[in-house]
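Inspection log for the structure reproduced underneath, given as structure tokens.
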Amino acid sequence: MLKVSKLKRAYGDFIAADAVDFSIAKGEIVGLLGHNGAGKTTVMKMLSGYLEPSAGQIYFEGKLLADHLKMLQQKIGYLPESLPVYPELSVAEYLDYAAELKGLRGFEKQQEIKRVVNATDIAAKLLAPIATLSRGYKQRVGVAQALLGKPRLLILDEPTNGLDPQQTLQMRALIRAIAKDATVILSTHIMQEVDALCDRVLMMRAGQLVLDAKLAELRISRSLLVTSNLAMDALQQTLGAITGVKAIDILDSQAGETRARVHLGEAGDVKAINAAIAKTLVGNGAQLYQLQPETRDLESLFREVNSNLPSNNNKKVLENAA
Ligand code: ATP
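For the sequence shown, the positions run 0 to 321 when numbering that gives the first Met the number 0 is used.
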């Protein structure tokens, strides 16, 4: 549904985004991560058609965004980092204006405004001037305008920025509900948000995409913890003969129990190797007390990707994660 190819944006001599390539399938919720200044907003602005790329292409539903800008923009909902300010307009007037920009008119426009007002729970402030709204309300108005016209792609730049914990939970529930009918790409600094919402993460660093991976795959590391009644040498020998096992670290061996960390090679399905380990141990008459894939801590993985590793190391993470 969205395909980005060699996307680049320069501001004068400074390159804010470079060689950005990714595709997003229908119905995915993708988190765009990165430190301040990594280039997230720049990419989101280009995806929503509000900033022209210096090079590269964006295809939305098979059409080049640049060639069908107006038509495609009406199918894209965009929550910018900060809402364009129309302080004197009431919420109702602003939504009316935003709906017109989306090409909505008459009865359809009224129905759509009602729908997004309900979805974002802002009916109580419809007549209030935008200038008088709290940060949380303004953010909800921003999401409301993004939802107008039932966009098939929603681009949300830090949707929970500035919200209190209660509002944050409400916003996440809203995004989950929206994602039932639309594809969502959202930027955030908050790892819990990624955990709570996203199927996949894209991470930017200094204008480049350094990680593109499914969250479930990122969580699985290629190591397992195994505990058995076999003695150290016997366990090492038995596990070492299994295809897909690369190395074994004995963690502990005493009182008829040995604990080991089993490192798997790059190839091979983790679940299948798990099954082979269980089958081999039990088949050899050993007791299997524990067989557990180790999970990766996302915070530390992201810190690693974002730290000042040489870029070829980051590339490796990107390749491994893909
Ligand atoms: P944040 O998390 O702080 O919002 P970001 O990842 O969204 O950061 P961008 O806003 O895309 O980052 O900015 C990327 C880089 O481009 C930054 O160094 C920023 O200073 C620079 N930049 C952004 N807009 C402009 C502009 N209009 N002119 C010059 N430089 C800009």
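For glycine and all other residues, C-beta sits at the position ideal for the given N, C-alpha and C.
{"Item": "If you scan the stretch 156 to 220 from start to end, which runs of the alpha helix (DSSP H) of 4 or more residues do you find wholly inside it?", "Value": "164 to 177, 190 to 196, 214 to 218"}
{"Item": "Could you round the C-beta distance between Val-200 and Leu-210 to whole angstroms and report it? I think they count as a contact, below 8 angstroms.", "Value": "6 angstroms"}
{"Item": "Return yes when the C-beta of Tyr-49 is under 7 angstroms from any heavy atom of ligand 1, and no when it is not.", "Value": "no"}
{"Item": "Between the beta-carbon of Ala-271 and the beta-carbon of Ser-227, is there less than 8 angstroms?", "Value": "no"}
{"Item": "Leaving aside the five residues before and after Ala-24 along the sequence, list all residues of the same chain whose C-beta is less than 8 angstroms from its C-beta, in chain order.", "Value": "Met-0, Thr-182"}
{"Item": "Roughly how many whole angstroms lie between the Cα atoms of Ala-320 and Ala-9?", "Value": "Per-residue confidence for Ala-320 stands at a pLDDT of 46, beneath the threshold of 50, marking its modelled position as unreliable; the derived number appears in the next sentence. If I take the Cα positions, the gap works out to 28 angstroms."}
{"Item": "At which residues does the alpha helix (DSSP H) containing Ala-327 begin and terminate?", "Value": "Since the first residue of the chain shown is 0 and the last is 321, residue 327 is not available in this structure."}
{"Item": "Could you round the C-beta distance between Leu-238 and Gln-291 to whole angstroms and report it? I think they count as a contact, below 8 angstroms.", "Value": "Actually they are not in contact, since the Cβ atoms of Leu-238 and Gln-291 sit about 14 angstroms apart, beyond 8 angstroms."}
{"Item": "Between the stretch 110 to 118 and the stretch 67 to 84, do three or more beta carbon pairs fall short of 8 angstroms?", "Value": "no"}
{"Item": "Look at the Cβ atom of Ser-299, then the Cβ atom of Arg-260, and state whether they are nearer than 8 angstroms.", "Value": "no"}
{"Item": "Mapping DSSP to helix, strand and coil, what is Gly-76?", "Value": "strand"}
{"Item": "Whole angstroms is fine: what's the gap from Gln-72's alpha carbon to Ala-266's?", "Value": "42 angstroms"}
{"Item": "Does the distance from the CB of Cys-197 to the CB of Leu-214 come in under 8 angstroms?", "Value": "yes"}
{"Item": "How long is the line joining the alpha carbons of Ser-47 and Ile-154, rounded to whole angstroms?", "Value": "7 angstroms"}
{"Item": "Alpha carbon to alpha carbon, what distance is there between Ala-122 and Leu-103?", "Value": "20 angstroms"}
{"Item": "So does Phe-21 have its beta carbon nearer than 7 angstroms to some heavy atom of ligand 1?", "Value": "no"}
{"Item": "Let me check understanding here. Comparing Cα to Cα, which of Val-304, Gln-253, Met-43 lies closest to Met-231?", "Value": "Gln-253"}
{"Item": "For Asn-35, verify whether its CB is less than 7 angstroms away from any heavy atom of ligand 1.", "Value": "yes"}
{"Item": "Could you check if Lys-330 belongs to the surroundings of ligand 1, using beta carbon to heavy atom distance under 7 angstroms?", "Value": "The chain is shown only over 0 to 321; residue 330 falls outside these bounds and no answer can be derived."}
{"Item": "Compute the beta-carbon to beta-carbon distance between Ala-97 and Lys-108, rounded to the nearest angstrom, for a pair I have assumed lies under 8 angstroms.", "Value": "Going by Cβ atoms, the distance from Ala-97 to Lys-108 rounds to 10 angstroms, so no, they are not a contact pair."}
{"Item": "Can you look up Leu-146 in the DSSP assignment and give me helix, strand or coil?", "Value": "helix"}
{"Item": "Just to confirm, does Tyr-10 get its C-beta within under 7 angstroms of one of the non-hydrogen atoms of ligand 1?", "Value": "yes"}
{"Item": "In whole angstroms, what is the alpha-carbon distance linking Thr-322 and Ser-89?", "Value": "Nothing can be reported for residue 322, as the shown portion of the chain is limited to 0 through 321."}
{"Item": "Looking only at its chain, what residues have a beta carbon closer than 6 angstroms to the beta carbon of Lys-44, apart from the 5 residues adjacent to it on each side?", "Value": "Leu-50"}
{"Item": "Tell me the DSSP secondary structure of Leu-6 in three-state form.", "Value": "strand"}
{"Item": "In angstroms, rounded to a whole number, what distance separates the CA positions of Val-316 and Asp-248?", "Value": "Interpretation of Val-316 is limited by its pLDDT of 47, a score under 50 that renders its predicted location unreliable; the figure taken from the coordinates is listed afterwards. Straight-line Cα distance between these residues: approximately 23 angstroms."}
{"Item": "Could you tell me whether the Cβ atoms of Val-19 and Leu-208 are closer together than 8 angstroms?", "Value": "yes"}
{"Item": "Which whole-angstrom value is the C-beta distance of Ala-205 and Ala-37, which I expect to be below 8 angstroms?", "Value": "7 angstroms"}
{"Item": "To the nearest angstrom, how far is the alpha carbon of Ala-91 from that of Gln-165?", "Value": "24 angstroms"}
{"Item": "Any idea if Arg-175 is buried or exposed, counting beta-carbon neighbours within 10 angstroms, 16 or more meaning buried?", "Value": "exposed"}
{"Item": "In the DSSP output, what is Phe-106 paired with across the bridge?", "Value": "DSSP lists no partner for Phe-106."}
{"Item": "Can you tell me whether Phe-301 is helix, strand or coil according to DSSP?", "Value": "helix"}
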